[in-house]
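Structure first, then comments.
Below, the structure written as structure tokens:
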């Protein structure tokens with residue numbers, strides 16, 4: 074806590090007067106900002122709550138008019154003047170989350186996902202939604218509409234190099250993953266930003282929200298909320314849950330920050346609150362499916378979700394590259410919830426390689442959940458680099474990678490190839506390494522299996538007893554009034570011109586702005602104010618920690634082996650089953666692949682050597698692909714499709730048995746000329762030439778022993794002889 078120097082008595086009186094004048098003015102200005110917030114929220118609602126994009130756009134498809142209608146829309150984002158768009162570049166489709174708030178965070182400001190894609194010259198489309206769902210709307214209707222949107226974008230860009238890149242933010246992330254599994258033929262690379270796919274994962278400290286279902290006895294509370302709303306679920310409930318996670322910020326931190334910086338923060342605060350206070354709604358069926366199937370049931374990664382045609386939703390059917398962006402500062406979707414589905418789905422990296430799949434994850438050190446989507450620094454760094462490397466991601470050998478972004482240094486080799494401020498590398502990862510991203514947290518997941526079983530019983534009891542009564546009593550009008558009287562909405566009406574008691578606030582605030590007297594930064598009483606604020610925040614944080622610990626201990630006690638877990642024992646972890654299946658499949662693949670280790674030509678040998686070099690360095694740099702582009706012209710005999718097939722086949726062989734892949738490499742590169750040429754090409758691409766030029770290096774010694782190549786400067790030859 075900061076220390077405050079005690080002034081002389083006379084100075085203390087002067088500072089007291091200065092502080093009283095300032096705090097009175099700040100209080101009035103604060104109240105006026107609250108009034109403006111209310112007015113903006115009311116006007117936004119009266120205007121239909123359109124997407125809050127910082128860019129102009131045109132409506133292409135209104136899904137309310139489709140055969141299976143829903144409240145979604147497809148927008149084409151119009152590039153600002155002076156921003157050229159290249160129609161041969163792949164289009165980007167950004168889908169915002171429908172999780173209580175309205176659409177817009179993907180393009181909230183110039184430095185955003187929309188902004189960086191436009192600046193890179195890509196056509197950009199945005200999927201938003203209207204405030205109210207179509208009566209009877211289902212999640213499968215939304216998925217069908219989004220598939221139609223993707224097809225429309227593909228039709229509009231016949232010359233594009235590659236299918237659209239689909240970005241799913243938060244809730245939209247798992248929806249995009251589901252769509253990619255159902256319609257893999259229309260999907261380009263998918264980016265899942267802050268998107269939960271493993272709903273039981275996490276730790277007590279970072280993800281206390283996962284215990285909410287256990288405290289409430291399961292999903293019946295979501296059904297009750299929808300029934301009290303006349304069959305419509307109010308998104309304000311989800312907003313409130315988010316705010317409850319951090320009471321220090323909600324109750325004190327955010328309003329005090331505005332109060333303390335009232336002369337400079339008002340515009341930014343009001344712009345954010347316009348989105349934050351724009352609550353959207355779902356049908357009861359939608360929220361029940363989300364809670365039952367995903368957050369409590371955790372059925373997505375395990376393939377237990379039924380599709381309308383009777384099949385199951387299997388994420389292994391996704392053929393497009395998958396990029397996952399998560400953050401250690403995210404308490405809504407911590408890295409475990411964003412990544413553990415990979416462990417549960419594949420069990421071993423060989424399964425990823427066998428499927429020909431490319432999965433890349435990117436971890437931020439500390440940005441919060443909202444910062445992933447609206448943070449300007451995140452947009453300029455992470456989102457911009459994701460756009461820049463998308464074609465490179467598609468060119469990676471199959472497997473699991475961590476994308477690492479570092480600041481470019483002056484001594485960087487081939488630094489001229491990196492045009493921006495950062496360099497990007499893709500570090501090879503195994504499933505076991507992924508388990509170590511957040512170790513020791515999976516043992517707690519067993520109790521959530523018991524929670525899911527109890528939830529099904531409570532849900533059935535509710536729907537057969539209380540629901541019929543509420544459906545007979547609660548009309549749509551009553552439901553609408555319940556939403557208007559929700560404290561989250563009511564406070565915005567209370568602090569607005571709708572309230573006659575606020576009539577004089579605007580006049581007083583305008584007068585104060587003309588004669589504003591700000592307190593000096595070293596004012597004694599201002600120091601006390603800041604100390605008091607720090608104390609309040611610390612106290613509320615202590616309350617939060619105590620609440621979270623109590624909640625976690627309560628759920629563990631009630632649903633653990635000495636509680637309801639004794640009557641509803643948890644199912645065996647899917648991770649164990651998948652790991653066993655993956656190991657069995659690994660042994661089978663090794664037997665089946667035995668003859669392939671010695672089969673192949675120069676193309677296969679070059680591909681194997683390239684992947685082996687990647688495993689030697691542990692990563693592949695963006696610069697390597699840029700160097701590779703310059704070498705392609707000297708390899709006319711290698712067809713791009715044949716190269717891709719060879720890359721996938723050789724990656725699998727190396728994953729199955731790296732030592733045998735090395736030992737049999739001379740069988741593919743059949744003469745010294747081929748071997749020299751392959752080594753020179755790979756050394757240049759992977760920037761291993763300096764190591765190969767050192768006769769004493771292990772790599773140079775291995776090259777000499779295996780291929781008969783002495784250490785020499787690597788210069789790729791133009792033709793294979």
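Numbering (the numbering used here), first residue to last: 74 to 794.
Even glycine gets a Cβ: it sits at the ideal position worked out from N, Cα and C.
- Residue 750 is classed as buried because its beta carbon has at least 16 other beta carbons within 10 Å across all chains shown.
- Per DSSP, residue 141 is not a residue of any alpha helix (DSSP H), being assigned neither H nor E.
- The C-beta distance from residue 487 to residue 693 rounds to 14 angstroms, too long to meet the 8 angstroms contact threshold.
- The beta carbon of residue 570 is closer than 6 angstroms to those of 112 in its chain, skipping five residues each way along the sequence.
- In the three-state scheme derived from DSSP, where H, G and I count as helix and E and B as strand, residue 583 is classed as helix.
- Taking a cut-off of 8 angstroms for Cβ pairs, the segment 156–164 and the segment 231–241 touch, as three or more such pairs fall below it.
- Taking one beta carbon from each stretch, the segment 451–471 and the segment 649–662 have fewer than 3 pairs nearer than 8 angstroms; the two do not touch.
- Among the bridge pairs identified by DSSP, residue 356 is matched with 305.
- Listed in chain order, the non-local C-beta contacts of residue 624 below 7 angstroms within the same chain comprise 281, 284 and 288, local neighbours out to five positions each way being set aside.
- By the Cβ-count criterion, residue 768 is exposed, with fewer than 16 other Cβ atoms from all chains shown falling within 10 Å of its own Cβ.
- Within a 10 Å sphere around the beta-carbon of residue 621 sit 16 or more other beta-carbons, which makes this residue buried.
- For the 8 angstroms CB-CB criterion, residue 396 and residue 466 form a contact.
- In summary, residue 583 is exposed, with fewer than 16 beta-carbon neighbours lying within 10 Å of its beta-carbon over all protein chains present.
- A Cβ-Cβ contact shorter than 8 angstroms links residue 473 with residue 502.
- Our two residues, residue 220 and residue 423, have alpha carbons roughly 30 angstroms apart in a direct line.
- For residue 480, the enclosing beta strand (DSSP E) starts and ends at 472–480.
- Per DSSP, reduced to three states, the secondary structure at residue 201 is strand.
- Here DSSP, grouped into helix, strand and coil, assigns residue 373 to coil.
- Residue 502 carries a strand assignment under DSSP once its states are collapsed to helix, strand and coil.
- With respect to residue 372, residue 257 sits apart: the two C-beta atoms are not nearer than 8 angstroms.
- Taking the Cα of residue 506 as reference, the smallest distance to any Cα among 763, 412, 482 and 572 is reached at 412.
- The three-state secondary structure of residue 135, taken from DSSP, is strand.
- Non-local beta-carbon contacts of residue 629 in its own chain, meaning distances under 8 angstroms to residues more than five positions away in sequence, involve 517 and 520 in chain order.
- With at least 16 other beta carbons inside 10 angstroms of its own, residue 149 counts as buried.
- Taking 3 residues as the minimum length, the beta strand (DSSP E) runs contained wholly in the segment 309–369 are 354–356, in order along the chain.
- Residue 116 counts as exposed, since fewer than 16 other C-beta atoms from the protein chains shown sit within 10 angstroms of its C-beta.
- Assignment of beta strand (DSSP E) within the segment 227–268, counting only whole runs of 3 or more residues, yields 238–242 and 263–266 in chain order.
- The bridge partners DSSP lists for residue 379 are 385.
- Ranked by Cα distance from residue 510, the options 409, 538, 753 and 320 are led by 409.
- Within its own chain, the residues whose Cβ lies closer than 7 angstroms to the Cβ of residue 637, once the five positions on either side in sequence are excluded, are 523, 527 and 631, listed in chain order.
- The three-state secondary structure of residue 148, taken from DSSP, is strand.
- Looking at the DSSP output, residue 398 shares a beta bridge with 266 and 435.
- A straight-line Cα-Cα distance of about 36 angstroms links residue 671 and residue 259.
- Between residue 144 and residue 198 the beta-carbon gap is near 17 angstroms, outside 8 angstroms, which marks them as no contact.
- Contact between the segment 346–362 and the segment 223–230 is absent: fewer than three C-beta pairs spanning the two stretches fall below 8 angstroms.
- Spatial neighbours of residue 206 in its own chain (CB-CB distance under 8 angstroms, excluding positions within 5 residues in sequence) are listed in chain order as 143, 144, 305, 354, 355, 356 and 359.
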